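Colleague:
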Amino acid sequence: MIRDRALHKREKLLGKLPVTGELLRGSLLERTIRHRKGCPKCARGEGHHVFVLTVTYPGGRTRQFSVRRERVAEVRRSLANYQKLKEAIEAICELNHDLLRPDARAAKPRSRKHD
Ligand SMILES: [Zn+2]
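This note's numbering applies: residue 747 is where the sequence shown begins, and numbers increase by one.
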């Protein structure tokens, strides 16, 4: 049955949700900072690589957070968790659309009965 299949799929999606507080929304960008003077590294043209987490809010406002190198892996993991969670939520909502249909139960071609 379509309804049973949708319910089963929903349970499976629920089981795959990353249940964790390690969640971050946004993008991790790598930037190069160059000092104008007094820095031998920048004088050699190397610059400094820094990581910035950029978060956009409704209305287009953004916030930026600098991320220390040793926390980059954790931030990447949290961003991936957020994406996984978001995809699963979207998929569950799509299934729930199917479950909202009043004829979901009668959608089987065999059951032609009308009340
Ligand atoms: Zn420098």
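By construction, the Cβ of each residue, glycine as well, lies at the ideal position given by its N, Cα and C atoms. Note that the coordinates shown come from a computational prediction; the quantities given were computed from them, not determined experimentally.
(1) In angstroms, rounded to a whole number, what distance separates the CA positions of L759 and A837?
(2) Residue range of the alpha helix (DSSP H) that V821 falls in?
(3) May I have all residues whose beta carbon comes closer than 7 Å to any heavy atom of ligand 1, sorted in chain order?
(4) Alpha carbon to alpha carbon, what distance is there between C839 and V798?
(5) In angstroms with no decimal places, state the Cα-to-Cα distance between R823 and L763.
(6) With DSSP as the reference, label E768 as helix, strand or coil.
(7) Would you give the residue range spanned by the alpha helix (DSSP H) that L753 belongs to?
(8) What does the alpha-carbon distance come out to for the pair K832 and H843?
(9) Once DSSP output is grouped into helix, strand and coil, what is the label at R815?
Modeller: Based on what the coordinates show:
(1) 8 Å
(2) It spans V818 to L846 - the alpha helix (DSSP H) in which V821 sits, taken as one unbroken run.
(3) Selection around ligand 1 by beta-carbon proximity, strictly under 7 Å to any non-hydrogen atom, yields I779, R780, H781, C785, K787, C788, G793 and H794 in chain order.
(4) 32 Å
(5) Rounded to the nearest angstrom, the two C-alpha atoms are 14 Å apart.
(6) coil
(7) I748 to G761
(8) 17 Å
(9) helix
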